[in-house]
Amino acid sequence: MDSVGVAAAAPDAGPGPAWQSKCPWGAPSTTSISCSLADVMSEQLAKELQLEEENAAFPEAVAAAEGPYITGENIDTSSDLMLAQMLQMEFDREYDAQLRREEKKINGDSKVSISFENYRKVHPYDSDSSEDEVDWQDTRHDPYRADKPTTTPRRGFIGKGKDITTKHDEVVCGRKNTARMENFAPEFQVGDGIGMDLKLSNQVFNALKQHAYSEERRSARLHEKKEHSTAEKAVDPKTRLLLYKMVNSGMLETITGCISTGKESVVFHAYGGNATEDKVIPAECAIKVFKTTLNEFKNRDKYIKDDYRFKDRFSKLNPRKIIRMWAEKEMHNLTRMQNAGIPCPQVVILKKHVLVMSFIGQDQVPAPKLKDVTLSSEDMKKAYYQILNMMQQLYRECNLVHADLSEYNMLWHDGKVWLIDVSQSVEPTHPHGLEFLFRDCRNVSQFFQKGGVAEALNERELFNAVSGLNITADNEVDFQAEIEALEKMNEDHVQNHGKKLSTFSSDGDPPIYDE
Ligand code: ADP
Ligand code: MN
Numbered sequence: 001m002d003s004v005g006v007a008a009a010a011p012d013a014g015p016g017p018a019w020q021s022k023c024p025w026g027a028p029s030t031t032s033i034s035c036s037l038a039d040v041m042s043e044q045l046a047k048e049l050q051l052e053e054e055n056a057a058f059p060e061a062v063a064a065a066e067g068p069y070i071t072g073e074n075i076d077t078s079s080d081l082m083l084a085q086m087l088q089m090e091f092d093r094e095y096d097a098q099l100r101r102e103e104k105k106i107n108g109d110s111k112v113s114i115s116f117e118n119y120r121k122v123h124p125y126d127s128d129s130s131e132d133e134v135d136w137q138d139t140r141h142d143p144y145r146a147d148k149p150t151t152t153p154r155r156g157f158i159g160k161g162k163d164i165t166t167k168h169d170e171v172v173c174g175r176k177n178t179a180r181m182e183n184f185a186p187e188f189q190v191g192d193g194i195g196m197d198l199k200l201s202n203q204v205f206n207a208l209k210q211h212a213y214s215e216e217r218r219s220a221r222l223h224e225k226k227e228h229s230t231a232e233k234a235v236d237p238k239t240r241l242l243l244y245k246m247v248n249s250g251m252l253e254t255i256t257g258c259i260s261t262g263k264e265s266v267v268f269h270a271y272g273g274n275a276t277e278d279k280v281i282p283a284e285c286a287i288k289v290f291k292t293t294l295n296e297f298k299n300r301d302k303y304i305k306d307d308y309r310f311k312d313r314f315s316k317l318n319p320r321k322i323i324r325m326w327a328e329k330e331m332h333n334l335t336r337m338q339n340a341g342i343p344c345p346q347v348v349i350l351k352k353h354v355l356v357m358s359f360i361g362q363d364q365v366p367a368p369k370l371k372d373v374t375l376s377s378e379d380m381k382k383a384y385y386q387i388l389n390m391m392q393q394l395y396r397e398c399n400l401v402h403a404d405l406s407e408y409n410m411l412w413h414d415g416k417v418w419l420i421d422v423s424q425s426v427e428p429t430h431p432h433g434l435e436f437l438f439r440d441c442r443n444v445s446q447f448f449q450k451g452g453v454a455e456a457l458n459e460r461e462l463f464n465a466v467s468g469l470n471i472t473a474d475n476e477v478d479f480q481a482e483i484e485a486l487e488k489m490n491e492d493h494v495q496n497h498g499k500k501l502s503t504f505s506s507d508g509d510p511p512i513y514d515e
């Protein structure tokens, strides 16, 4: 994919913090706040290096689910095309390996070597730079495409003396016409006449050719439509291939269906397959596929461009990689939460933009969101205190702010609340981390106050209880102003010292930071 737009815009970001001069938020509004996933994109990039480090710590989660691609089991017969493509991919790979062996044998230690490069089926630039995997849909070279048909030379005849044949020779012409049928689109049914000594008259051939072309155009139109609709659901052919691999490798038993289709992701339910030596697969899994449609990127790009921290780095990332970072981010955040004992899905595996985790729910039925479940007042109170506790743990132990916390991203299962959807979660010292926390607090407060929990703290009290800060402002406007002042202090610190404060403090104490 093209990242030119991003690269070109980079230098404009300038040396100063672009968000300070033209903050995309303006003053946070008290009513509808819609910044979520897209708004925190910058954080994703800020964490890129950290992610790389964490990758080293969680190698098993990013390891590929490699294995026998076709096991003979679980083969969905509706996906002949997919299977054929996978087989083709394997075949091409083996073919290339063989080619390399022959190349080596022929060249030996000789100083002058022959390259078989042009004969290879899988070309390095066809696949995703960093992977050893073949992206079949990127393979432009079709090894089965017939060469151009030989045509009769200009002068209109071949041969000499009595062997001379002209372009009007019926037999030669008929055979040639038959052979030319091979150049019709592959979907076009020409029967097995090509293998026979069949002679097609020019008239028949021309009629067929015309028909083949219009068929080709029709099927291209249909195909376009189909591609479009699948992209809408995030399950483009590449993603499907990834999912098939997971099933074919035995890691997943079956993918049963879609649980949720959102703007940025699609979630599927699956039954877990066989455990590997280092990993037990949960009986039921949720597969979160991050959408890779271009539309989403336009918003995200805009956001990244304005972040001065990435002017050098983001130009190197293509949109596909950025999307993978979101998936990675969710994985790392879930792992941190898991380690702190917060109820949340357990990460099973991450593969590109597809994250497999344990399923919260039972028998294919996902646990209800807090907004959809009616709890007794006792459970409601219990849920409130649990969430208060989890928010504190998240902040203090995981060093995270959920940043999209609401009754939509909390599930009620097994008599307790489970937190989900943490790809956008940020560290408290993110340039807008405290604002996100305040928004989270407002959502939680309002939900439980409306839900009749008399003990529920108001949003400002909750904010202080979670962050340990002691912001004393007794009204929303002043409170927010103080939050922003703290954020600014941190950003100034980054500017002057090249590093963040590790903790916020609001009491005029000297700032605490890591040495
Ligand atoms: P989005 O960014 O689309 O909101 P979420 O992570 O919130 O993505 O997932 C969307 C929905 O899918 C959730 O509201 C929930 O109903 C369901 N879901 C996601 N993860 C799981 C899971 N691990 N177990 C059960 N249901 C899940
Ligand atoms: Mn969600």
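Residue 14 in full-length UniProt numbering sits at position 14 of the sequence shown; the count goes up by one each step and never skips.
Even for Gly, the Cβ is constructed at its ideal location relative to N, Cα and C.
What do you get for residue i, buried or exposed, if any count of 16 or more other CB atoms within 10 angstroms of its CB means buried?
i, result
"residue 455", "exposed"
"residue 12", "Low per-residue confidence applies at residue 12: pLDDT is 42, beneath 50, and the placement is therefore not dependable, though the value from the model is reported in the following sentence. The residue is exposed, with fewer than 16 neighbouring Cβ atoms inside 10 Å."
"residue 91", "exposed"
"residue 459", "buried"
"residue 423", "buried"
"residue 383", "buried"
"residue 425", "buried"
"residue 100", "exposed"
"residue 228", "Reliability of the predicted coordinates at residue 228 is poor, the pLDDT of 44 falling under 50, and the value obtained from them is presented with this limitation in mind. Looking at its Cβ environment, which holds fewer than 16 other Cβ atoms inside 10 Å, residue 228 is exposed."
"residue 442", "buried"
"residue 421", "buried"
"residue 472", "exposed"
"residue 70", "Annotation note: pLDDT 32 at residue 70 (below 50); position unreliable, coordinate value reported separately. Exposed, because fewer than 16 other Cβ atoms sit within 10 Å of the Cβ of residue 70."
"residue 333", "buried"
"residue 374", "exposed"
"residue 322", "buried"
"residue 102", "exposed"
"residue 277", "exposed"
"residue 496", "exposed"
"residue 347", "buried"
Please state if the CB of residue j and the CB of residue i are separated by a distance shorter than 8 Å.
i, j, result
"residue 387", "residue 417", "yes"
"residue 401", "residue 440", "yes"
"residue 427", "residue 483", "no"
"residue 381", "residue 453", "yes"
"residue 282", "residue 205", "no"
"residue 398", "residue 325", "no"
"residue 171", "residue 199", "yes"
"residue 342", "residue 394", "yes"
"residue 354", "residue 289", "yes"
"residue 431", "residue 487", "yes"
"residue 345", "residue 403", "no"
Thinking C-alpha only, which one of the options is nearest residue i?
i, options, result
"residue 238", "110, 214, 291 and 100", "291"
"residue 117", "98, 174, 268 and 446", "98"
"residue 244", "109, 363, 368 and 270", "270"
"residue 369", "179, 201, 405 and 385", "405"
"residue 490", "363, 458, 461 and 501", "501"
"residue 362", "413, 372 and 332", "413"
"residue 372", "391, 392 and 408", "408"
"residue 376", "357, 415 and 499", "415"
"residue 119", "367, 94, 331 and 475", "94"
"residue 457", "104, 321 and 389", "389"
"residue 279", "262, 264, 210 and 250", "250"
"residue 429", "392, 465 and 499", "499"
"residue 391", "319, 202, 210 and 464", "464"
"residue 252", "261, 263 and 275", "275"
"residue 265", "327, 335 and 213", "327"
"residue 331", "480, 357 and 385", "357"
"residue 447", "112, 385 and 108", "385"
"residue 169", "202, 180 and 179", "202"
Report the CB separation of residue i from residue j in whole angstroms; it is logged as a contact under 8 Å.
i, j, result
"residue 259", "residue 247", "Their Cβ separation, rounded to whole angstroms, is 17 Å, which puts residue 259 and residue 247 out of contact at 8 Å."
"residue 242", "residue 329", "That belief does not hold up - the Cβ atoms of residue 242 and residue 329 are roughly 18 Å apart, past 8 Å."
"residue 437", "residue 467", "6 Å"
"residue 284", "residue 272", "6 Å"
"residue 504", "residue 462", "The pair is not a contact, with the Cβ atoms about 16 Å apart (cut-off 8 Å)."
"residue 411", "residue 367", "4 Å"
Checklist entry - Quick one: complete beta strand (DSSP E) runs, 3+ long, within the stretch 378-421? => result 410-413 and 416-419
Checklist entry - Which full runs of the alpha helix (DSSP H) of 4+ residues lie inside the stretch 427-459, going along the chain? => result 433-450
Checklist entry - Unbroken alpha helix (DSSP H) runs of length 4 or more, entirely within the stretch 313-341: which are they? => result 319-339
Item to check | Complete beta strand (DSSP E) runs within the stretch 352-380 (minimum length 3 residues, chain order) | outcome: 354-358
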